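First the structure, in the form of structure tokens, and then the observations on it.
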Amino acid sequence: MIHNVVYDEEDIDTFLELTRKIDNTESKIMKKLLSVQNRISLIANIDPQELKAIIYDLKFIKYDKKDLVVDQGDISNAIYFILSGEFSVFVGSHKVGILKARDTFGESAAIFQEKRNATVICSSEQATLLSFCIDEENMDFCAPALATLYKNLAHQINHKLEGVNKTLIQIT
Amino acid sequence: MTTKMIEDEIAQFNDRFFDEYFELVDINIDFIESHKLYQPKQNYFLTYDFLMTTIKHFTNLDFRFINGTFEKLNRDVIIIHKQYLKLLENEKNISKIFQEYFLKNSPLFQEMFKGLMELQKSVALSEYEQETKEILNEHYREMKAIYYEYFTADILLINKDFIATLKSILNTKIYYLDKLLWMYAKESEIISHFLRTLKLGEHASSKKYINYRLKVTLPYSDNYKYLQKCARIYK
């Protein structure tokens, strides 16, 4: 016999009050994401209602200089959009690039569920990121969003490859 | 004996065996859905041990800390978690469940077992009785093997479903437990004082407390690795 806990009205009120607070926080951050949606190339042009359904764990995160954002080899499904500040990217101990405001990172590891292929560290005095995750389980119900997301991702990868090609041409 | 009969008998057993879990899941899903509780997609389930240790620690500081809704939710989460662990145990004990619960409650197997026992008891068996005993023995073993195959597949599937559902219920309840923990911690003068001495200030949270714990835990120990995993959830 499992003895279930019985909650009274006062307990229910506490739960409802907490839920209201959580919903308020969530919707505030979602509003912020929607206001910058088209600046984040990965999620640009996705219907806002569908975006709400496939995005979760939205957070604003503040970093100080030398703070670690992602560690190479780490498993995490968060995608980051830089609102302010600068971040250095390292592969092993080699610095391979700098990311600035309006840049996005972490999307490949998140979508392909792979380990992080680089370490990202805050290099400005202070920086702010918008972090979010994509709920693939909800993707079945939001097929157009999925299509746009992958199209955006392909576009982004293509853009990065073009950059690499240009660098290679310059070197050779 | 048809496949349908075997499946029906096993299904009836599973209905009885998981009876309490059906009720537990119904009550909890109804509670979460009817009150429209927030169901986080992050894995807060992972933070169970961290929260339990923190609650124990804070209760040692101030025994009045755990009361009201927080005390009820804490009890609720512990009860559900125990059931979750029992389900995990089931996965390792399918053979034992089959032997000790299913076979002992199956009229067919009980009847066969009784017949076999009677023949065993007989001191001098005629040639015909000896032959019957061997046939019955063989038949018993064969039936047991067939039933066991169906039984394992069925019980594992149901057990797995309950594990996933309880995990999801716990994820929501642990998320609320986390919120209530810090709400009640701030109401306790002793705990608030303790948190101020740690320089966690008025806005103490699991995130800040984990970061503090990481600083005082032996790096690369199991607990350190566990806290790091928790830190990623609150990041």
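Chains as they are written, first to last, in the numbering used here: chain A, 1279 to 1450; chain B, -12 to 222.
Backbone N, C-alpha and C define an ideal beta-carbon position, used for all residues, glycine too.
It should be emphasised that the depicted structure is a prediction, and the values quoted were computed from it without experimental measurement.
- Scanning chain B for C-beta atoms nearer than 9 angstroms to the C-beta of Met1279 of chain A yields Glu7, reported in chain order.
- Listed by position along chain B, the residues whose Cβ is nearer than 7 angstroms to that of Asn1395 of chain A form an empty set, because the closest Cβ is around 17 angstroms away.
- For Leu1407 of chain A, no alpha helix (DSSP H) run applies; the uninterrupted beta strand (DSSP E) run containing it begins and ends at 1404 to 1412, by DSSP.
- For the set B:Arg200, B:Ile177, B:Ala191, the Cα lying nearest the Cα of Leu48 of chain B is the one of B:Ile177.
- Our two residues, Leu187 of chain B and His44 of chain B, have alpha carbons roughly 16 angstroms apart in a direct line.
- The continuous beta strand (DSSP E) containing Ile1399 of chain A extends over residues 1397 to 1400.
- Annotation: the continuous alpha helix (DSSP H) that includes Ala151 of chain B extends over 114 to 174.
- Taking 4 residues as the shortest admissible run, the region 35 to 75 of chain B contains the following complete alpha helix (DSSP H) segments, listed from N- to C-terminal end: 35 to 48.
- According to the DSSP assignment, His1372 of chain A belongs to the beta strand (DSSP E) that extends over 1372 to 1377.
- It is roughly 20 angstroms from the alpha-carbon of Lys120 of chain B to the alpha-carbon of Ile133 of chain B.
- In summary, Tyr1428 of chain A is exposed, with fewer than 16 beta-carbon neighbours lying within 10 Å of its beta-carbon over all protein chains present.
- The Cβ neighbour count for Ala1423 of chain A, taken over all protein chains shown within 10 Å, is at least 16; the residue is labelled buried.
- Burial is judged here by how many other beta carbons sit within 10 angstroms of a residue's own beta carbon; Thr1397 of chain A has at least 16 and is buried.
- According to DSSP, residue pairing for Ile1357 of chain A in a beta bridge involves A:Phe1410.
- At a cut-off of 8 angstroms between beta carbons, Leu1320 of chain A makes no contact with chain B.
- Of all residues in the region 174 to 190 of chain B, none places a beta-carbon less than 8 angstroms from a beta-carbon of chain A.
- Judged by DSSP secondary structure, Asp1291 of chain A falls within the alpha helix (DSSP H) whose first and last residues are 1287 to 1314.
- Phe1365 of chain A has A:Leu1377, A:Cys1400 as its beta-bridge partners, per DSSP.
- One thing to note: Asn1282 of chain A has its Cβ no nearer than 8 angstroms to the Cβ of Leu90 of chain B.
- DSSP places Lys1340 of chain A within a strand segment (E or B) once states are collapsed to three.
- For Leu95 of chain B, the enclosing alpha helix (DSSP H) stretches over residues 94 to 108.
- Contact check between the region 153 to 161 of chain B and the region 17 to 28 of chain B: three or more CB pairs, one atom from each, fall below 8 angstroms, which counts as touching.
- Under DSSP, Tyr1334 of chain A forms a beta bridge with A:Cys1411.
- Under the criterion of beta carbons closer than 8 angstroms, Asp1335 of chain A and Cys1411 of chain A qualify as touching, at roughly 4 angstroms.
- Counting only Cβ-Cβ distances below 8 angstroms, Gln26 of chain B has no contacts in chain A at all, with the closest Cβ about 10 angstroms away.
- Straight-line measurement puts the Cα of Phe100 of chain B at about 10 angstroms from the Cα of Pro94 of chain B.
- Listed along chain B, the residues sitting closer than 9 angstroms to Leu1296 of chain A by beta-carbon distance are Leu24, Tyr25, Tyr163, Lys166, Leu167, Met170.
- Annotation for Glu136 of chain B: no residue places its beta carbon closer than 8 angstroms to its own, counting only its chain and skipping 5 residues before and after.
- Assignment of Thr1450 of chain A by DSSP, reduced to helix, strand and coil, places it in the coil class.
- When only Cα atoms are considered, Thr1297 of chain A and Phe85 of chain B end up about 44 angstroms apart.
- Look at Phe1293 of chain A: its C-beta is under 8 angstroms from a C-beta on chain B.
- The alpha carbon of Glu1304 of chain A has as its nearest neighbour, out of A:Ile1324, A:Asp1325, A:Ile1290, A:Ala1331, the alpha carbon of A:Ala1331.
- Of the candidates B:Gln117, B:Ala140, B:Tyr71, B:Ile197, the residue whose Cα lies closest to the Cα of Glu7 of chain B is B:Tyr71.
- For Val1283 of chain A, there is no enclosing alpha helix (DSSP H), as DSSP marks it with neither H nor E.
- Neighbours of Asp17 of chain B in chain A, taken as residues at a C-beta separation under 7 angstroms, are lacking, since the least C-beta distance is about 11 angstroms.
- Taking a C-beta distance under 8 angstroms as the contact criterion, Ile1290 of chain A and Ile66 of chain B do not qualify as a contact pair.
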